[in-house]
Each structure stands twice: as structure tokens, then as C-alpha cells.
Amino acid sequence: MKFNDTKNAYVLKSDKELQKAYLLFRMISKRSWVRFGGKLTLLALRLGLPIHSLLRKTVYQQFCAGNEAQDSLKVVNQLAAFNVKSYMHYAAESQKSEAGVEQSLQQFLNAVQFSKQNKALPFVVFKPTALGKVMLFEKVSAGIQLSKEEVASWDRTKDRINKCCAMAYACQVRMLVDAEESWLQNAIDAIVLDKMRAYNQKETFIFTTLQMYRKDRLEYLNSLLELSRKEGFKLGIKLVRGAYIEKENNRAEEKGYPSPICSSKEATDDNFNLALNGILNSLDHCELFLGTHSEDSVLRVLDFMKANQLAPNDPRIWISQLFGMADHISFNLAKAGYQVVKYVPYGPLKEVIPYLIRRAEENTAVQGQTPRELELIQKERNRRKTLKAEQK
Numbered sequence: 005m006k007f008n009d010t011k012n013a014y015v016l017k018s019d020k021e022l023q024k025a026y027l028l029f030r031m032i033s034k035r036s037w038v039r040f041g042g043k044l045t046l047l048a049l050r051l052g053l054p055i056h057s058l059l060r061k062t063v064y065q066q067f068c069a070g071n072e073a074q075d076s077l078k079v080v081n082q083l084a085a086f087n088v089k090s091y092m093h094y095a096a097e098s099q100k101s102e103a104g105v106e107q108s109l110q111q112f113l114n115a116v117q118f119s120k121q122n123k124a125l126p127f128v129v130f131k132p133t134a135l136g137k138v139m140l141f142e143k144v145s146a147g148i149q150l151s152k153e154e155v156a157s158w159d160r161t162k163d164r165i166n167k168c169c170a171m172a173y174a175c176q177v178r179m180l181v182d183a184e185e186s187w188l189q190n191a192i193d194a195i196v197l198d199k200m201r202a203y204n205q206k207e208t209f210i211f212t213t214l215q216m217y218r219k220d221r222l223e224y225l226n227s228l229l230e231l232s233r234k235e236g237f238k239l240g241i242k243l244v245r246g247a248y249i250e251k252e253n254n255r256a257e258e259k260g261y262p263s264p265i266c267s268s269k270e271a272t273d274d275n276f277n278l279a280l281n282g283i284l285n286s287l288d289h290c291e292l293f294l295g296t297h298s299e300d301s302v303l304r305v306l307d308f309m310k311a312n313q314l315a316p317n318d319p320r321i322w323i324s325q326l327f328g329m330a331d332h333i334s335f336n337l338a339k340a341g342y343q344v345v346k347y348v349p350y351g352p353l354k355e356v357i358p359y360l361i362r363r364a365e366e367n368t369a370v371q372g373q374t375p376r377e378l379e380l381i382q383k384e385r386n387r388r389k390t391l392k393a394e395q396k
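Under my numbering, the first residue of the sequence shown carries the number 5, and numbering increases by one thereafter.
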């Protein structure tokens, strides 16, 4: 399997869109610019400066599909025409008020109903802290006793999460639950395990997310595999490397405890590969949703499938990339018949800016990712120029 067929990778990009993507990734490749630009963007929005049009025509257009779920349908249908499925996400970050979390809940429930009606949308996703106060996730994760009011608020949070999972189960749509920072994750793990036990008895509808840059996640995965086999429920695992490197290290340093994440990319890769092997060898009771932009990780899965004579469209294995990124992986895999799904965020510009800034920061943190995007985009630009010259 080769990922360098740029004609197929960028089949949906016009020359103008390709040029815009190239310039955007050039900017993202500069870490200092991303840090400064992110802070400047938030300040400009706070001051009411007129930068919405610029943002909409650059980062928003590249990484978001529209304001509302219905607006995003054009993108979903374009991807589906090339066998690339989607899962949509209302990309608001953590909410602080009860009104905010209720709004997020309604968005997630709407996304489930919307996905039910479209075969190109087999998954939905939600971020737990969009459905409750971050402070409560932190306290529960640390085992701190809650006040009477906090207990009531936490019960409402768990009820919102259950509504999302119950709706997904009723609509036969798979639900991915995002992982968050380590100091919030214990509470999330407990809730999601409870939902997998409840809704994954015969089929896999609820997926937990494991960030393998965490030192403890391999042990946790092994405990989940053993538990699901013993209790007889299906395990859904979304496997990723991790999204909060700087936040995790900074908090550990500030509070004086050892960092919970691996000290090197090599150590993370080792963890990731061991987890991947464990899941692939447990497909009788576990489904894999592989979220990666690593060609090596994808090839590892493909090699396993070939060695074990699994069809490319085996329903237990999904491979996913972000909308606007790694199209060379997504489109070439889809052309070969594998189950590919793009993470397609949507939402009002003002609300998704924190998400977009986080994506830019993650991009700069992953060594080699942005240069690879630039290399392939430039290759396709050159191919098109040569083709036009030959046609004259």
C-alpha cells in the first residue's frame, strides 16, 4: 500500500484550494507563530476586532465543514463519493454554565439523529466536559468528596452522557467518547465503562478513547480486554497517541508530580504498537477505531489484516483522520476498499476557534507531520502544472 498517489489524495481540491492549503500548512509549521497567533486571535476576538472573515477563509474552511450539521452535508457527500465516510462533531470545547451544557447536549442528540439518516455517517462523537463542569470531572477523578449541590450537578452530567449513549444505541449509530486531560480521565473512564457494559452486549456501539502517550494506558487496556472477555460485553476502543502533551507536562511540573505521559515519541510509539497488537488479537470481542496520521501505524494494521486474511472492509476495523489533514492516507485507503472515516467538525466560528487553535498546536507538536503534508501538496501542485503544460 502506497500513500503517495496525490492525484487521488487531493481529488476534491481545486488548484486554488490546494494553494490555500499549502500556505496554511506553511504557517502551521512554525511553532512560535502558532503560539503567538493563537493568543493574538483570542485577544482580537475578545476585543471585537474584525478578523472573522480572515479566519473563515483560512483555518475554518480547511478544518471545519460549516456552522450547522445541515451545512456540513455537502462535505459529507463529497467525501462519501470517494468511499470516505464521516463522523461529525459539534466542535465546542468545555462548557462552564448549565445553559451551555444543555445546548451542547442538544447538539449531540441532534448529531445522532442526523447521522441515523445517512449511511455515510456511521459514528458520532462527544467531549465529556462539554456536558458538565470541568471542576466536577477533576474532583471525581481525584476522589474528592462533593458537596450536596455538586452531587446533584454531577448526577445531571452523568444523565446527559447517558442520554447521548442511549440515543446512539436506539438509533444504531456508534458513539465515540473523547479522552481528555489525565486529571479528568478517571471519572470519564468509569462512566464509559458503565455505558459499554450496558449498551455493548451484542454489538459495539460505545467506544472509549485511549491516549497511548500516557504511561498507564497499556495496563488499563489490558484490564479492559480481560474484563470484557470475562463479563461478555463488546469493547470499543478508539486508539490515539494523545493530544495534550504540553498541558500534561506543564501541570506535572507546576504541581510537582511525575509527568503521566511518555518522555519520548519512541516510548509513545512502543505503547501505541503494543496496544494495537493487543486489540487486533482480540477482535472476537473488541472493535478498533484507529485515529492516526502515521503511515507506519496504518501499514501495521494492513499487514495484520493481510496476514490473517481479513477483508479490507472488515466491520471491526476503522481507520480515521481529521478533516483537512492526511488526505493522502484517507483517500488512498478508501480507494483500496478499507473502512475510512473522517472526523468532520462543525459549529459557529466563534465557538470553534479554541478547537482550531488546539489543532494547530497539535500539528506543530507532531514531528514530521506538517512537512509531510507540505511535501505531498507541493507534489500534487507540480503534477498539475506539468499536466497543464503538456496539454498546451
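C-beta atoms are modelled at their ideal positions from N, C-alpha and C, and glycine is treated no differently.
- request: Assuming residue 308 contacts residue 67 (C-beta within less than 8 Å), just tell me the rounded distance between them.
  value: As a first step, residue 308 is located in the sequence shown; it is residue number 304 there, counting from the start. As a first step, residue 67 is located in the sequence shown; it is residue number 63 there, counting from the start. About 31 Å separates the two Cβ atoms, so there is no contact after all.
query: Fully enclosed by the stretch 311-389, which beta strand (DSSP E) runs are 3 residues long or longer?
result: 321-326, 344-350, all fully within the stretch 311-389.
- request: Could you tell me whether the stretch 17-34 touches the stretch 332-348, using the rule of 3 or more Cβ pairs below 8 Å?
  value: no
- prompt: Buried or exposed: which applies to residue 148, given that a residue is buried once 16 or more other Cβ atoms fall within 10 Å of its Cβ?
  reply: As a position in the sequence shown, residue 148 is number 144, starting the count at 1. Looking at its Cβ environment, which holds fewer than 16 other Cβ atoms inside 10 Å, residue 148 is exposed.
task: Use the C-beta contact count for residue 396: other C-beta atoms within 10 angstroms, 16 or more gives buried, fewer gives exposed.
output: Within the sequence shown, numbered from 1, the residue matching residue 396 stands at position 392. Looking at its Cβ environment, which holds fewer than 16 other Cβ atoms inside 10 Å, residue 396 is exposed.
message: DSSP three-state label for residue 141, please.
response: To locate residue 141, count along the sequence shown from 1; it is residue 137. If DSSP states are grouped into helix, strand and coil, residue 141 belongs with the helices.
field: Test item: CB-CB of residue 210 and residue 233 under 9 Å
entry: For this step, residue 210 is matched to residue 206 along the sequence shown. For this step, residue 233 is matched to residue 229 along the sequence shown. In this structure, residue 210 lies away from residue 233, with their beta-carbon atoms at least 9 Å apart.
message: Need the endpoints of the alpha helix (DSSP H) that residue 197 sits in, please.
response: Taking the sequence shown and counting its residues from 1, one reaches residue 197 at position 193. Looking at the DSSP string, the run of the alpha helix (DSSP H) that includes residue 197 is 186-203.
query: Whose CA, out of 297, 238, 348, lies closest to the CA of residue 91?
result: Residue mapping note: residue 91 aligns to position 87 of the sequence shown, counting from 1. That would be 348, whose Cα lies nearest to the Cα of residue 91.
- prompt: Where does residue 320 land, buried or exposed, given buried means 16+ other C-beta within 10 angstroms?
  reply: Looking up residue 320 in the sequence shown gives position 316. It is buried - the Cβ of residue 320 has at least 16 other Cβ atoms within 10 Å.
message: When you compare the CB positions of residue 279 and residue 222, do they come within less than 9 Å of one another, or not?
response: Against the sequence shown, residue 279 aligns to sequence position 275. Against the sequence shown, residue 222 aligns to sequence position 218. Closer than 9 Å, so yes.
field: Cβ-based burial, residue 356 [other Cβ within 10 Å; buried from 16]
entry: Locating residue 356 in the sequence shown gives position 352, counting from the first residue. It is buried - the Cβ of residue 356 has at least 16 other Cβ atoms within 10 Å.
- prompt: Taking Cβ to Cβ, would you say residue 126 is nearer than 9 Å to residue 181?
  reply: Your numbering for residue 126 matches position 122 in the sequence shown. Your numbering for residue 181 matches position 177 in the sequence shown. No, they are not a contact pair.
- prompt: Is residue 216 helix, strand or coil by DSSP?
  reply: The residue labelled residue 216 in the question sits at position 212 within the sequence shown. Annotated three-state conformation of residue 216 is coil, per DSSP.
query: Since residue 196 contacts residue 212 with CB under 8 Å, what's their CB separation in whole angstroms?
result: Taking the sequence shown and counting its residues from 1, one reaches residue 196 at position 192. Taking the sequence shown and counting its residues from 1, one reaches residue 212 at position 208. Correct: roughly 4 Å between the Cβ atoms.
query: Are the CB atoms of residue 219 and residue 275 nearer to each other than 9 Å?
result: Taking the sequence shown and counting its residues from 1, the one referred to as residue 219 is at position 215. Taking the sequence shown and counting its residues from 1, the one referred to as residue 275 is at position 271. Yes, the Cβ-Cβ distance between residue 219 and residue 275 is below 9 Å.
Where residue 91 falls: helix, strand or coil (DSSP): Within the sequence shown, the letter at position 87 stands for residue 91. In this structure, residue 91 counts as strand in the three-state DSSP scheme.
- request: Confirm, please, whether the CB-CB distance from residue 13 to residue 331 is below 9 Å.
  value: Along the sequence shown, one-based indexing puts residue 331 at 327. Along the sequence shown, one-based indexing puts residue 13 at 9. In this structure, residue 13 lies closer than 9 Å to residue 331 by Cβ.
message: According to DSSP, residue 178 sits in a beta bridge with which residue or residues?
response: Residue numbering aside, residue 178 sits at position 174 when the sequence shown is read from its first letter. According to DSSP, residue 178 bridges with 127.
- prompt: In chain order, which alpha helix (DSSP H) runs of at least 4 residues are fully inside the stretch 203-272?
  reply: 221-235, 249-259
message: I need the straight-line Cα distance from residue 7 to residue 150, nearest angstrom please.
response: Counting from 1 along the sequence shown, the entry for residue 7 is found at position 3. Counting from 1 along the sequence shown, the entry for residue 150 is found at position 146. Their backbone Cα atoms lie some 51 Å apart in a straight line.
Beta strand (DSSP E) segment containing residue 291, residue limits: Looking up residue 291 in the sequence shown gives position 287. 290-295 is the extent of the beta strand (DSSP E) around residue 291.
query: Are residue 124 and residue 83 touching if we call contact CB-CB under 9 Å?
result: As a position in the sequence shown, residue 124 is number 120, starting the count at 1. As a position in the sequence shown, residue 83 is number 79, starting the count at 1. Going by C-beta atoms, residue 124 is nearer than 9 Å to residue 83.
task: Classify residue 272 as buried or exposed, calling it buried when 16 or more other Cβ atoms lie within 10 Å of its own Cβ.
output: Start at 1 with the first residue of the sequence shown, and residue 272 comes out as number 268. Residue 272 should be labelled buried.
task: Determine the contact status of residue 217 and residue 245, defining contact as a CB-CB distance below 9 Å.
output: Within the sequence shown, the letter at position 213 stands for residue 217. Within the sequence shown, the letter at position 241 stands for residue 245. The Cβ-Cβ distance between residue 217 and residue 245 falls below 9 Å.
Within 9 Å, strictly: CB atoms of residue 379 and residue 17: Residue mapping note: residue 379 aligns to position 375 of the sequence shown, counting from 1. Residue mapping note: residue 17 aligns to position 13 of the sequence shown, counting from 1. No, they are not a contact pair.
field: For residue 214, the nearest candidate out of 229, 206, 115 (CA to CA)
entry: One-based indexing of the sequence shown puts residue 214 at position 210. Cα-wise, what sits closest to residue 214 is 229.
- prompt: Closest to residue 237 by CA distance: which of 146, 360, 290, 72 is it?
  reply: Looking up residue 237 in the sequence shown gives position 233. When only C-alpha atoms are compared, the closest one is 290.
- request: Measure the alpha-carbon distance for residue 156 versus residue 205 and round it to whole angstroms.
  value: For this step, residue 156 is matched to residue 152 along the sequence shown. For this step, residue 205 is matched to residue 201 along the sequence shown. Each residue's Cα considered, the two are about 29 Å apart.
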